[in-house]
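Chains as they are written, first to last, in our numbering: chain A, 2 to 331; chain B, 1122 to 1455. Ideal placement from N, C-alpha and C gives every residue a C-beta, glycine not left out. The next block holds one structure in the form of structure tokens; read it before the comments.
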Amino acid sequence: MNEAQPLVIIENLKKYFPISSGLVFQKKAGSVRAVDGISFSIAKGETLGLVGESGCGKTTAGRTILNLYPPTAGKITIDDQEINTENKPDLKEFRRKTAMIFQDPYASLNPRWTVSAIVSEPLRVHKLFKNEKERTERVNHLLNLVGLSSRLINRFPHEFSGGQRQRIGVARALASDPLFIVCDEPISALDVSIQAQVVNLLEDLQDQFGLTYLFIAHDLSMVRHICDRVAVMYLGVIVELAERNELYENPLHPYTQALLSAVPIPDPKRDRERRRIILSGDVPSPINPPSGCRFHPRCSVAFERCKVDIPEWLEEAPGHWVACHLYTNP
Amino acid sequence: MDSISKPLLQVEDLRTRFHIPEGTVYAVNGISFVINEGETLAVVGESGCGKSVTMLSIMGLIPIPPGEIVSGKAIFRDKDLIHISEKEFEQLRGEALAMIFQDPMTSLNPVLTIGRQITETLRTHLSVSQEEAEKIAVELLERVGIPEASSRLGAYPHQFSGGMRQRVMIAMALSCNPSLLIADEPTTALDVTIQAQIVELVLKLREQFHMTIIWITHDLGVVAGLADRVIVMYAGFIVEEALVDDLYGNPRHPYTLALLGALPRVDRRRDRRLNSIPGAPPNLLVEPHSCPFAPRCTHVIERCWVENPPLKAIAPNHKTACWVELNDTSIGTS
């Protein structure tokens, strides 16, 4: 899979949000360590899934990778263009090559803009058309690509259903011919029957244009369906990463095991037979994450070392990475 | 579910509409069902299918106007919930009927402490002193798995996480030991790990309190391990009703079939594209006269366009509303 140079390389990426106290003389009281050193790469045409509970930092990771939030530390390389904390070359070119599909199709489209204005904004910003006729043609083409009629281009977002709005969001994301798209929970606001439509559309577009996706989601069944490889995030760090079937059939990290066992199966017989690992408590605060392995307070197999040492990122099997003391040498 | 179980709630021909400036929303269009004592019934459907409106109608929580319950009965312990006075209802709600909602943040009052909110319910329905009520509140919170319950009575809802808030809601719902608990998407806003905790908790409490539960959800996954019987709703109609194993093992309505086919499975390797259901649910502003699923159905025949199929039994404990008899009900997942 990774023979060629990967399209996206993320190295030790961190994003901290400062917390200040005091109304007038604000002083820094600490920081939310939303993303605390993640590394991975995505090959061209590949879909990498990023899963985890709410608050684990997956959305922040996606936004930081696209430089919507400036990173606190680390390096992002997309299509040989490198961005780190010191050097920020041509962000505009970077933005042309990347795009994002947002979770909430109601909040992510400007209600006062027509579909045409929404979809053509990236074209305008990147000066991708010569005249009005070309612009309209391009918008029509984009709408047809996502399965919307070009008759709708002068309508406003409120005239569309959730699934159709998400299609508009996809059309807009495709406008600048991006190479890499971060899909941030693109289907979680949609009904089941509409989810399948959008997922199939994303797959078709990937085949057609050789797109590379980072697919952020909490629906682990859908992630298994759509992603080639899956990374599991917990409290700002990646705890496990593997090819999808390897991860789902042979999860190594206790957190991944618990997460997978909690996913309901739409089959009553299978669901009754299953052994559930019920995690106690909630995800701790990322302001002051637990020492050592961040998962140790909720882990059923944690031992002394887990409270002290941060587990190393190890390749347990070819392509199967895990950060857990069960697999490190004493 | 055993065969001697007796019905606790009997809903007949319920029709609820909303009159809005754009016209009339036909939200629930004549549905009938029964829930037996001790049973867990799941009501499944997508947004706008009428599942919540049905329950709100039964609970007397539909704002009138704009809402209107055009017809129907909901017989609960010899009383028709649709036609009793608000005063009688006040007594029933909380004591005999309780409801928990999807979003525990908006259903708890943000400016009152948790303790105050639980004791209020207790004192309304049971004649107990504030001290006694607080004691019961602590017991309830412990029962739903809130650690250090006694010290948390003074906490406000924002100091709890989503899962903990839902536990508080459950504690409040259980405070007067209701015989019927209606849970409206109680785990939808929660993470899977927290969802598993809440499902586990409800299963445990179901045993302890011998509760009858109606669980409303859009998630066919979560009810598989929870329900005895499932009702599938579409555009204000019941399209299929079956015991849980039959519904998943032998779905008979094209909509149920399509929904199951649209779901990927966490326990299986990908073997196909997802079956997507073309189109979108119908406009509820139009009074339905034909099968509401016909425009999206792959099995559609002439008759579907002119006449709405009634819900009829095709096997014991299995009903469906479809003109077509489906032969191949495999969903391609083998």
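Just the C-alpha distance for residue i and residue j, rounded to the nearest angstrom, thanks.
i	j	result
I1156 (chain B)	C57 (chain A)	40 Å
R168 (chain A)	A176 (chain A)	12 Å
F216 (chain A)	V52 (chain A)	8 Å
Q1287 (chain B)	R1386 (chain B)	27 Å
G211 (chain A)	S1282 (chain B)	41 Å
L230 (chain A)	N330 (chain A)	It is Arg, not Leu, that sits at residue 230 (chain A) in the sequence shown. Rounded to whole angstroms, R230 (chain A) to N330 (chain A) spans 26 Å at the Cα level.
N289 (chain A)	I311 (chain A)	15 Å
D1340 (chain B)	E135 (chain A)	44 Å
T1454 (chain B)	R1389 (chain B)	Because T1454 (chain B) sits at a pLDDT of 37, beneath the cut-off of 50, its placement in the model cannot be relied upon, and the following sentence gives the value as read from the coordinates. Between T1454 (chain B) and R1389 (chain B), the C-alpha separation is close to 9 Å.
P1413 (chain B)	Y1147 (chain B)	12 Å
Y256 (chain A)	W314 (chain A)	15 Å
C228 (chain A)	G50 (chain A)	5 Å
L92 (chain A)	G46 (chain A)	23 Å
G1236 (chain B)	H127 (chain A)	57 Å
L1274 (chain B)	R1327 (chain B)	24 Å
E1446 (chain B)	I1359 (chain B)	17 Å
V1344 (chain B)	R1393 (chain B)	24 Å
I39 (chain A)	N13 (chain A)	5 Å
I10 (chain A)	R245 (chain A)	19 Å
H254 (chain A)	R306 (chain A)	16 Å
E54 (chain A)	G1193 (chain B)	42 Å
M1354 (chain B)	S286 (chain A)	40 Å
M101 (chain A)	S1250 (chain B)	57 Å
In chain A, what lies closer than 7 Å to residue i by C-beta?
i	result
E1167 (chain B)	D192, V193 and S194
S1282 (chain B)	D283
P1409 (chain B)	What P1409 (chain B) touches in chain A: nothing, since even the nearest Cβ is about 18 Å away.
With DSSP as the reference, label residue i as helix, strand or coil.
i	result
P1128 (chain B)	strand
V1265 (chain B)	coil
Q1251 (chain B)	helix
I288 (chain A)	coil
S1455 (chain B)	With a pLDDT of 31 at S1455 (chain B), under the threshold of 50, the modelled position of this residue cannot be trusted, and the question is left open.
F1197 (chain B)	strand
E160 (chain A)	helix
R1138 (chain B)	strand
So the beta strand (DSSP E) residue i belongs to, where does it begin and stop?
i	result
H1439 (chain B)	H1439 to T1441
I1303 (chain B)	L1301 to D1305
V238 (chain A)	V238 to E244
F1073 (chain B)	For residue 1073 (chain B) there is no data in the structure shown, the boundaries of chain B being 1122 and 1455.
R230 (chain A)	R230 to Y235
T1338 (chain B)	T1333 to T1338
P269 (chain A)	Run containing P269 (chain A): none in the beta strand (DSSP E); it sits in the alpha helix (DSSP H), P269 to E274.
A74 (chain A)	A74 to I79
I84 (chain A)	Q82 to N85
E316 (chain A)	L315 to A318
G50 (chain A)	T48 to V52
N13 (chain A)	V9 to S22
H321 (chain A)	H321 to V323
So which residues of chain E does residue i contact, with C-beta pairs closer than 8 Å?
i	result
A1379 (chain B)	No chain E appears in this structure, whose protein chains are A and B.
For residue i, which residues in chain A fall below 8 Å Cβ to Cβ?
i	result
A1383 (chain B)	V193, S194, Q196 and A197
Using a Cβ cut-off of 9 Å, pull out every chain B residue sitting near residue i, in sequence order please.
i	result
S162 (chain A)	A1401 and P1402
Do residue i and the ligand GDP come close, with the Cβ less than 6 Å from some heavy atom?
i	result
V1360 (chain B)	Within the structure as shown, the ligand GDP is missing, as the structure has no ligands at all.
Quick check on the DSSP output: the alpha helix (DSSP H) that includes residue i runs from which residue to which?
i	result
Q1287 (chain B)	G1283 to L1295
E1211 (chain B)	E1207 to E1216
H1246 (chain B)	I1235 to H1246
F210 (chain A)	V193 to F210
N145 (chain A)	E133 to L146
Applying a beta-carbon distance threshold of less than 7 Å, which residues of chain B neighbour residue i?
i	result
V411 (chain A)	Since the displayed chain A opens at 2 and closes at 331, residue 411 (chain A) lies outside it and no answer follows.
E54 (chain A)	D1312 and T1314
V200 (chain A)	L1395
Given that residue i touches chain B, what residues does it touch there, using C-beta distances under 8 Å?
i	result
P267 (chain A)	L1341, G1342, A1345, Y1369, L1381, L1384 and R1386
Residues of the stretch 28-50 of chain A with a CB closer than 8 Å to any CB of chain B: list them in chain order, please. none
Near-chain A residues of the stretch 1303-1323 of chain B - C-beta to any C-beta below 9 Å: L1311, D1312, V1313, T1314, I1315, Q1316, A1317, Q1318, V1320 and E1321
At a Cβ cut of 7 Å, what residues of the stretch 243-263 of chain A count as close to chain B, listed as they run along the chain? N246, Y249, A259, L260, L261 and A263
Could you run through the stretch 1387-1398 of chain B and flag, in chain order, every residue whose CB is less than 7 Å away from some CB of chain A? V1387, D1388, R1390, R1391, R1394, L1395, N1396, S1397 and I1398
Proximal residues, the stretch 1342-1371 of chain B versus chain A, C-beta separation under 7 Å: G1342, V1343, A1345, G1346, V1365, D1366 and Y1369
Quick one, which residues of the stretch 1326-1341 of chain B are near chain A if we go by CB-CB under 8 Å, in chain order? H1339, D1340 and L1341
Identify each residue in the stretch 271-282 of chain A for which the Cβ-Cβ distance to at least one residue of chain B is less than 9 Å, and report them in chain order. R271, D272, R273, R275, R277, I278, I279, L280, S281 and G282
Contact set between the stretch 219-243 of chain A and chain B, restricted to residues whose Cβ is under 9 Å from the partner: H219, D220, L221, S222, M223, V224, R225, H226 and I227
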